[in-house]
Structures are given as C-alpha cells and as structure tokens.
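A short write-up of the structure that comes next.
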C-alpha cells in the first residue's frame with residue numbers, strides 16, 4: 001500500500017524573501033531557522049555522533065541508519081553548515097517567517113487523528129509520498145501509526161520547512177529507535193515542477209494513499225501576492241469552447257492538486273485522504289463525470305477549522321478510493337469525530353447534481369420542467385425600497401420600515417454573495433417585481 005501525503009498547507013513559503021546577504025549566509029540562515037526547533041537532548045546526541053565526522057558522505061551513511069533519510073546532506077556545504085550549527089553559540093531562537101495572511105500548517109493533533117482513522121479503516125500504507133510536506137506533521141504521524149511503511153517520498157518548496165522536517169524525523173527516531181524505519185527521500189522542490197515519473201515506476205506493484213492538506217488559496221490570490229509558484233496554464237478541467245480559451249478565470253490551488261493526483265494515480269489501487277475546503281470537494285465531485293478518473297467510495301468528514309486552524313471556513317477530510325469508477329458519483333458527509341454517522345449525501349443522481357440525495361430521491365417525481373421562470377439580472381436603483389428583509393414574518397425595507405405587500409408581487413432574491421454557499425434552502429432577501437415579461 002502506498003501513501004501520498006499532500007501537506008501543501010501554506011503559501012508563505014511561496015513569498016519568502018531572502019535576507020540581504022550572500023548565498024552562503026542565506027543557506028546558513030535557512031537551516032538555522034529550522035535548527036532552532038531541535039531540542040537540547042537531540043543536539044547533544046548529534047554533537048556526539050556526527051560532530052566528529054569530517055566527510056559528509058560518512059555523515060549521510062550514519063544518518064540514514066539513524067533516521068532512514070536518504071542523502072540527509074545534499075552536498076559538503078550543507079554538512080559544514082550543520083557542523084557550525086552544532087556549536088553552542090549557533091543555537092539561537094529565531095522565528096520561521098510566516099505568511100502575511102496566516103499559516104495553515106496541520107497540527108499534529110489533527111494529523112494523528114486522521115492517520116488513526118485511516119488505520120481503523122484498514123488503510124495501511126507501505127510507501128508514502130507527500131508532494132508538499134510543510135513542517136512534516138503528516139510524515140511524523142504516518143511514521144507513528146503506519147508500521148508497514150517501506151519508503152517515504154516528500155517534496156517541499158520552502159527550505160526552512162524542508163530542514164525542520166528532516167530534524168523532526170531524526171529526533172523522532174532518536175527518541176523512539178524501535179519505530180519502523182522506512183527509507184525516506186526528501187526533495188526541496190514544488191508540486192508544479194516536480195517530475196513524478198521515477199516515483200510512478202517504483203509504485204506499480206503497490207497500493208497507494210494520497211494524504212495531506214493542499215493550500216486553501218486560489219490562483220488569483222497568489223497572483224495578487226506576486227507569487228511565482230503557480231501551476232502552468234492548462235485545460236486541466238477539460239473545458240470546451242470559450243471557457244477552454246480563457247481557463248474560466250479563478251480556481252482553487254487545492255482543487256488543482258487533487259485533480260492532478262487523480263490524473264497521476266487514479267488508475268492504481270489505493271485511496272486518497274486530503275483536507276480541503278468544502279467548496280473544493282463540491283467542485284471535485286461536480287467535475288468527475290466529464291473526467292476519466294476511476295474514483296469511488298467518496299466521503300467528506302467535517303473538521304473544526306476554528307479549533308485546528310483558527311479559520312472561519314468550512315473544510316473536511318475528503319476520502320475516496322482509486323480504481324473504483326462510480327456510475328453516479330455521490331459523496332457521503334459526516335464528522336471526523338464520528339465518521340460512521342452519515343449526515344447527508346450529495347452528488348450526481350440521474351445526470352443531475354443534487355445537494356441532498358435522500359431528499360431528491362423522496363421528491364424526484366416532481367422533477368421536470370419548472371413552471372416558474374427564474375428571473376436573472378434584475379436591475380434597479382432603489383434597493384432601499386425594492387429589496388426587503390423578512391423580520392418576524394413581516395417585510396422590512398432598507399429604511400427599517402415594515403411594509404404590507406401582496407405575496408404575488410414579492411419574490412425570493414439571491415444576491416451574488418449568496419451563490420458561494422454550497423446549499424441555499426431559503427432566500428436571504430426578497431425583491432418587489434411589479435412587471436411581467438411578455439413571451
């Protein structure tokens with residue numbers, strides 16, 4: 001079984017600015033920002049075991065025995081920087097840069113909960129790949145809870161996190177040497193440019209699991225922030241006509257990553273379990289029928305984003321199975337804390353995308369050509385008069401004055417800001433329409 005850990009949690013790493021210094025000093029800075037998180041006992045252990053070694057290849061041989069990490073140091077300069085940091089005067093307290101709009105790194109409490117849940121579902125990986133591992137929470141949790149793991153491949157664009165994860169893995173095995181120790185390959189790169197071909201060849205006989213937390217940010221937000229780390233322009237959602245030419249504007253980076261993983265691995269046996277905004281999960285399910293991806297057994301397990309990320313956005317763990325093509329893609333909805341208590345199901349039924357499958361099945365006999373006309377684009381210059389709120393079963397206009405109106409002159413109004421909601425059960429406002437359209 002193969003695990004893919006996508007912990008693309010933050011885009012401060014896209015925007016990280018180098019301090020004004022030489023390249024050598026900058027390399028020292030990047031490793032030092034990660035080294036501050038290593039505890040004193042581990043540093044003492046490393047001084048004793050590694051501090052006396054002069055050849056970086058010899059150090060790599062020792063560290064692969066200790067941690068399983070292949071090529072811990074990519075070159076001699078990195079090894080010399082590490083030796084310098086082992087000196088007591090180099091151990092300083094320095095914060096890793098955080099992005100301007102907040103850091104959505106997955107806390108260990110959540111990554112542990114997810115890995116325990118997956119293990120309880122008999123999803124037990126042999127090989128782990130995390131295209132954007134951040135601070136390494138999912139890798140650490142996977143090492144703790146998946147004892148069958150044989151190999152780990154990880155990619156991370158932000159070099160301080162790349163080093164911090166290496167040190168955390170090393171520290172984990174120093175403190176718990178009896179843990180299963182897979183061979184670990186970590187790369188400082190990004191998912192948009194990383195070549196998965198060599199990894200694909202090595203996983204042909206394995207079951208796979210795509211696991212992680214892609215970024216909760218859109219391509220437009222990254223462009224606004226002058227980020228250079230954007231996916232190459234492509235028609236990845238298979239649009240046609242004018243939409244294919246324009247790319248249909250904005251899209252979510254997390255959605256792009258999930259669909260990319262589908263493209264790479266959905267024909268292999270395995271699973272995906274990724275944190276994503278609920279809007280992303282809805283879009284993924286909506287797009288499945290027009291894509292040739294073999295996806296089934298879909299479930300969205302809601303999480304408390306305020307508790308884990310201090311974020312006011314609805315998100316879930318999206319779990320699905322590969323190599324299972326469903327004729328009608330349907331996603332179950334439940335809580336991560338009670339995954340077997342299904343609250344709802346949404347998806348495709350009879351070529352229609354519905355927000356509640358059970359309600360639709362109950363009332364589908366009424367489905368057909370609607371006798372009511374959907375009025376779109378109503379324009380007026382008197383919103384305080386024409387737009388109404390319903391307060392205590394009475395219409396109230398923009399001047400906070402109650403008005404008595406005939407019901408056949410008032411219609412539910414859906415504002416553009418309401419359309420981002422996954423389900424609209426009743427209108428937030430009402431509008432007065434006094435004229436009829438002549439057909």
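In the numbering used here, the protein residues as written are 1 to 439.
Every residue gets a Cβ at the ideal spot worked out from N, C-alpha and C, and that includes glycine.
Model, not experiment: these values are computed from the prediction.
Strictly by DSSP, which residues pair up with residue 300? Its beta-bridge partners are 318 and 333.
Would residue 293 be called buried (16 or more neighbouring beta carbons within 10 Å of its own) or exposed? Around the Cβ of residue 293, a 10 Å sphere holds 16 or more other Cβ atoms; the residue is buried.
How long is the line joining the alpha carbons of residue 308 and residue 106, rounded to whole angstroms? In a straight line, the C-alpha of residue 308 is about 8 Å away from that of residue 106.
Where does residue 366 land, buried or exposed, given buried means 16+ other C-beta within 10 angstroms? Flag for residue 366 reads exposed.
Between residue 256 and residue 322, which are expected to be in contact by the criterion C-beta below 8 Å, what is the C-beta distance as a whole number of angstroms? Actually they are not in contact, since the Cβ atoms of residue 256 and residue 322 sit about 18 Å apart, beyond 8 Å.
Let me check one thing: in DSSP terms, what residues is residue 185 bridge-paired to? Beta-bridge pairing links residue 185 to 153.
Could you tell me whether the region 171-185 touches the region 52-72, using the rule of 3 or more Cβ pairs below 8 Å? With the cut-off at 8 Å, the region 171-185 and the region 52-72 touch.
Relative to the alpha-carbon of residue 426, which residue among 389, 409, 401 and 403 has its alpha-carbon at the smallest distance? Per the Cα distances, 389.
To the nearest angstrom, how far is it from the Cα of residue 109 to the Cα of residue 141? Taking C-alpha positions only, residue 109 is separated from residue 141 by approximately 9 Å.
Cutoff 8 Å; reference residue 443; Cβ partners in own chain excluding five residues on either side: Residue 443 is absent from the structure shown; the chain starts at 1 and stops at 439.
For residue 153, I'd like the list of residues in its chain whose CB is within less than 6 Å of its CB, leaving aside the five on either flank, ordered along the chain. 129, 185 and 199.
Give me the residue from 386, 136, 264 and 417 with the minimum Cα distance to residue 192. Per the Cα distances, 264.
Roughly how many angstroms separate the alpha carbons of residue 87 and residue 161, rounded to a whole number? Approximately 21 Å, taken between the alpha carbons.
Sequence-distant residues of its chain with Cβ nearer than 8 Å to residue 410 (five each side left out): The answer, listed in chain order, is 388, 395, 430, 431, 432 and 433.
Residue interval of the beta strand (DSSP E) (run including residue 210): 208-212 is the span of the beta strand (DSSP E), which, as asked, contains residue 210.
Is the region 68-81 close to the region 116-126, with three or more CB pairs under 8 Å? Not touching, per the Cβ criterion.
Where does residue 320 land, buried or exposed, given buried means 16+ other C-beta within 10 angstroms? Here residue 320 is buried, its C-beta having at least 16 other C-beta atoms within 10 Å.
Assigned secondary structure, residue 260 (DSSP; H/G/I helix, E/B strand, else coil): In the three-state reduction of the DSSP assignment, residue 260 falls in the helix class.
For residue 314 and residue 304, I'd like the C-alpha separation in whole angstroms. Their backbone Cα atoms lie some 8 Å apart in a straight line.
Could you please give the first and the last residue of the uninterrupted alpha helix (DSSP H) stretch that includes residue 311? According to the DSSP assignment, residue 311 belongs to no alpha helix (DSSP H), since it is labelled neither H nor E.
Would you report the Cα separation of residue 83 and residue 194, rounded to the nearest angstrom? Taken atom to atom, the span from the alpha-carbon of residue 83 to that of residue 194 is near 30 Å.
Spatial neighbours of residue 435 within its chain, please: C-beta separation below 8 Å, excluding the five flanking residues on both sides. Excluding its 5 nearest sequence neighbours in each direction, residue 435 has no C-beta neighbour in its own chain below 8 Å.
Residue 162: CB within 7 Å of a non-hydrogen atom of the ligand GTP: For the ligand GTP, the structure offers nothing, since it holds no ligand at all.
Among 364, 131, 149 and 164, which one has its Cα closest to the Cα of residue 30? 164 is the residue among 364, 131, 149 and 164 whose C-alpha sits nearest the C-alpha of residue 30.
Do you know whose CA, among 406, 423 and 386, lies nearest residue 413's CA? Residue 413 has its Cα closest to that of 386, out of 406, 423 and 386.
Tell me the DSSP secondary structure of residue 457 in three-state form. A question about residue 457 goes unanswered here, because the residues of the chain that appear run from 1 up to 439.
Three-state class that DSSP yields for residue 360 in the structure shown: The three-state reading of DSSP puts residue 360 in helix, counting H, G and I together.
With DSSP run on the structure shown, which of helix, strand or coil describes residue 408? Residue state, collapsed to three classes: helix.
Starting from residue 288, follow the alpha helix (DSSP H) in both directions and report where the run begins and ends. Unbroken run through residue 288: none, as it is neither H nor E.
Exposed unless 16 or more other CB atoms sit within 10 angstroms - verdict on residue 276: Its Cβ being crowded by 16 or more others within 10 Å, residue 276 is buried.
Beta-carbon separation of residue 211 and residue 172 under 8 Å? No, the pair does not count as a contact, with Cβ atoms beyond the cut-off.
Spatial neighbours of residue 337 in its chain, beta-carbon cut-off 6 Å, leaving aside the 5 residues before and after: The beta carbon of residue 337 sits closer than 6 Å to none of the beta carbons in its chain outside the five residues before and after it.
Relative to the C-alpha of residue 317, which residue among 324, 306, 310 and 339 is closest? When only C-alpha atoms are compared, the closest one is 339.
Could you pull the start and end residues of the beta strand (DSSP E) that residue 216 belongs to? Unbroken run through residue 216: none, as it is neither H nor E.
Considering only residues of the same chain and omitting the five flanking positions on each side of residue 405, which have a CB-CB separation below 6 Å? 395.
Just verifying my parser: in three-state terms, what is the DSSP assignment at residue 112? Helix at residue 112.
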